[in-house]
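Student: Pasting in a structure now, in structure tokens, and then I'll have a few things to ask.
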Amino acid sequence: MKHVLFAASECTPFIKSGGLADVIGSLPQALVKEGAKVSVILPLYKEIIHSEYRQDMEEVMIFNTPVGWRNQYTRILKYEGRGITYYFVDNEYYFNRDGLYGYIDDGERFVYFSNAIIEFMYRVEAHFDVFHCHDWQTGGAVAIASIKRPHPGMKTVYTIHNIQYQGWIEESAFSELFNLEREHYAGFEWQGMLNMMKAAIHHADAITTVSETYAEEIMTPFFGEGLETVLEYRREDLHGIINGLDVADYNPVKDEALYYRYRSSRKTKLKNKTALQQDLGLKVDENIPLYSIVTRLVAQKGIDLIEHIMHEFLTQDVQLVVLGSGESSYEDYFKSLAYNFPDKVHVTLGFSESYARKLYASSDFFIMPSLFEPCGLGQLIAIRYLTAPIVRETGGLKDTVISYNEFEQTGNGFSFENYNAHELLNAMKYSLYIFHQKSHMEALCKNMTASDYSWAKSAEQYLGLYGA
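In terms of UniProt numbering, the sequence shown opens at residue 1 and continues consecutively.
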């Protein structure tokens with residue numbers, strides 16, 4: 001039985017700022033179901049200290065962690081749950097703060113975290129066969145572990161969740177923060193600075209990212225964010241494994257946030273739509289197609305395309321519901337859209353998990369025309385709730401959404417290839433046409449019901465990678 005140690009900066013249910021936490025919360029459980037032994041190590045943030053989980057943690061060890069010329073106090077706490085051992089690195093100076101990221105010393109904070117993990121591995125009784133690190137915050141850890149090999153025979157694996165965020169640190173930090181010989185400097189340096197993601201890519205035994213298409217994309221200049229040549233050099237060791245969805249959590253049969261729970265019945269699903277229409281003051285009519293957008297309002301999510309075509313699309317007998325927050329210009333755009341189409345558009349700025357689930361369950365179509373998308377979670381939730389996604393063919397969107405073919409009645413959504421507003425408009429018009437063909441909507445729902453994006457298949461792929 002392989003013993004895998006996950007290292008990450010966030011994990012549900014303890015702490016979350018984005019999709020990384022969902023992966024670290026779900027994938028270990030799937031691996032345990034497939035027969036692996038899994039532990040997870042995280043920082044002990046202020047929010048966790050004040051959470052219900054803290055009282056059930058026990059102290060494991062206390063030691064000093066070398067950070068350059070300093071010795072930093074480190075305490076390791078342990079929590080057992082869901083068949084997994086969770087370790088927490090306790091250092092109040094670095095982690096007893098509000099929030100997770102955004103501090104001027106984030107580089108130092110997570111280099112400390114990386115160093116502390118390695119020191120922990122030297123001291124812990126357990127033997128780890130695989131050390132699996134995630135995103136830039138643990139890039140230093142996988143690099144140091146690959147150099148020092150604290151557990152003999154241990155394989156190092158590094159997963160890129162979003163290549164945009166790489167962990168740049170001043171060049172002087174190599175001697176200030178790392179306890180490594182100067183001969184290792186080149187493995188960390190990139191364009192005159194230290195780059196934690198580059199260090200991880202350079203040193204790890206295997207590199208993964210969160211979809212097959214994204215793995216290919218990030219080896220090109222447009223998607224690679226300056227690391228494409230490093231990734232191309234490691235091409236043989238780069239693997240795309242699609243993220244799964246926690247189907248126990250996102251389950252319309254049991255989801256208490258919904259007006260009406262359902263499995264595969266479109267009739268019951270439509271009752272959710274009419275209930276939402278009534279709540280939002282929209283015309284209550286199950287025959288009016290309802291489109292939804294649940295997203296961060298940033299350029300990556302394709303909001304520019306939506307801006308170009310939505311006025312034209314709203315001349316049709318359709319409705320649009322939006323939930324999200326982000327750049328002020330995009331927020332202003334959606335507010336103006338709701339003002340100009342008060343009987344067709346409802347916009348909520350901000351985020352509510354329960355309301356988001358209502359939108360997934362109540363909508364007919366989910367709009368997600370991203371410029372790039374490493375994997376994407378929204379389209380997977382939409383399919384799970386029988387809401388057909390409309391996506392651009394990039395990253396995980398391309399790998400999970402199969403465009404509906406009316407002649408063969410295949411596909412679980414709608415897609416378009418180029419980052420072009422009129423291609424998005426054509427895909428939306430096609431979805432509108434399909435909506436008014438009852439047999440096609442039934443076939444589309446049947447195809448979504450048959451789509452399986454649980455973690456089981458991905459977990460098998462990871463286990464294969466671990467054992468290779």
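We put the CB at the ideal spot given by N, CA and C, even for glycine.
A quick note: this is a predicted structure, and the numbers were derived from the prediction, not measured.
1) For G35, count neighbouring Cβ atoms within 10 angstroms of its own Cβ and tell me buried if that reaches 16, exposed if not.
2) Please classify D90: does DSSP put it in a helix, a strand, or coil?
3) Throw me the rounded Cβ distance for the S211 and G395 pair, which I believe falls under 8 Å.
4) Determine the direct distance from the alpha carbon of A361 to that of E327, and round the result to whole angstroms.
5) Is the CB-CB distance between Q300 and F372 below 8 Å?
6) Curious, which full-length beta strand (DSSP E) runs of at least 3 residues does the segment 281-357 contain?
7) What alpha helix (DSSP H) runs, 4 residues minimum, are completely inside the segment 78-137?
8) Could you give the distance in angstroms between the alpha-carbon of residue 474 and the alpha-carbon of D364?
9) For the 8 Å Cβ check, are there 3 or more pairs between the segment 219-226 and the segment 245-255?
10) Sorted by chain position, which residues of the same chain lie with C-beta nearer than 6 Å to I402's C-beta, five sequence neighbours on each side aside?
11) Please name the residue or residues paired with G413 in a DSSP beta bridge.
12) Is there contact here, the segment 4-21 with the segment 431-450, by at least three beta-carbon pairs under 8 Å?
13) State the Cα-Cα distance for the pair Y430 and S265, rounded to the nearest angstrom.
14) Pick out the complete alpha helix (DSSP H) segments inside the segment 188-261, 4 residues or longer, and give them in chain order.
15) Assign W69 to one of two classes, buried (16 or more other C-beta atoms within 10 Å of its C-beta) or exposed (fewer than that).
16) Confirm, please, whether the CB-CB distance from V318 to L424 is below 8 Å.
17) Between L44 and T268, what straight-line distance do the alpha-carbon atoms span, to the nearest angstrom?
18) For E10, which of helix, strand or coil comes out of DSSP?
19) Looking only at its chain, what residues have a beta carbon closer than 6 Å to the beta carbon of G376, apart from the 5 residues adjacent to it on each side?
20) Pull up the distance between the alpha-carbon of D332 and that of E228, whole angstroms please.
21) Starting from the Cα of A310, find the closest Cα among I288, K78, W136 and F341 and give me that residue.
22) DSSP has S39 in a bridge; who is on the other side?
23) In whole angstroms, what is the alpha-carbon distance linking D56 and V32?
Tutor: Here's the rundown:
1) Counting from 1 along the sequence shown, the entry for residue 35 is found at position 35. So G35 counts as exposed.
2) Counted from its first residue, the sequence shown places residue 90 at position 90. It is a strand residue.
3) Along the sequence shown, read from residue 1 onward, the residue named residue 211 stands at position 211. Along the sequence shown, read from residue 1 onward, the residue named residue 395 stands at position 395. Contact between S211 and G395 holds, since their C-beta atoms are separated by about 5 Å, short of 8 Å.
4) Taking the sequence shown and counting its residues from 1, the one referred to as residue 327 is at position 327. Taking the sequence shown and counting its residues from 1, the one referred to as residue 361 is at position 361. Cα-Cα distance, rounded: 26 Å.
5) As a first step, residue 300 is located in the sequence shown; it is residue number 300 there, counting from the start. As a first step, residue 372 is located in the sequence shown; it is residue number 372 there, counting from the start. Cβ atoms of Q300 and F372: closer than 8 Å.
6) Every beta strand (DSSP E) stretch that sits fully inside the segment 281-357 and reaches 3 residues is listed by chain position as 290-297, 319-326 and 345-349.
7) Listed in chain order, they are 92-95 and 106-123.
8) Since the displayed the chain opens at 1 and closes at 468, residue 474 lies outside it and no answer follows.
9) no
10) By 1-based counting over the sequence shown, the position of residue 402 is 402. So the qualifying residues of the chain are G411 and N412.
11) Within the sequence shown, the letter at position 413 stands for residue 413. Paired residues: S403.
12) no
13) Against the sequence shown, residue 430 aligns to sequence position 430. Against the sequence shown, residue 265 aligns to sequence position 265. Each residue's alpha carbon lies about 23 Å from the other.
14) 196-203, 212-217, 221-224 and 228-233
15) The sequence position of residue 69 within the sequence shown is 69, counting from 1. The residue is exposed, with fewer than 16 neighbouring Cβ atoms inside 10 Å.
16) As a working note, residue 424 is residue 424 in the sequence shown. As a working note, residue 318 is residue 318 in the sequence shown. No, the Cβ-Cβ distance between L424 and V318 is not below 8 Å.
17) What you label residue 44 is simply residue 44 of the sequence shown in a count that begins at 1. What you label residue 268 is simply residue 268 of the sequence shown in a count that begins at 1. Spanning the two alpha carbons is a distance of roughly 43 Å.
18) The residue labelled residue 10 in the question sits at position 10 within the sequence shown. Looking at E10 - three-state DSSP - the assignment turns out to be coil, as it is neither helix nor strand.
19) Indexing the sequence shown from 1 puts residue 376 at position 376. G396 and L397, listed in sequence order.
20) Counting from one through the sequence shown, the residue named residue 332 turns up at place 332. Counting from one through the sequence shown, the residue named residue 228 turns up at place 228. Going by the C-alpha atoms only, they are around 36 Å apart.
21) Reading the sequence shown from its first residue, position 310 is the one you call residue 310. Note that residue 310 is Met in the sequence shown here, rather than Ala. It is F341 whose Cα lies nearest to the Cα of M310.
22) Locating residue 39 in the sequence shown gives position 39, where the first residue counts as 1. DSSP output for S39 lists L5 and T85 as bridge partner(s).
23) Counting from one through the sequence shown, the residue named residue 56 turns up at place 56. Counting from one through the sequence shown, the residue named residue 32 turns up at place 32. Roughly 21 Å separates the two Cα atoms.
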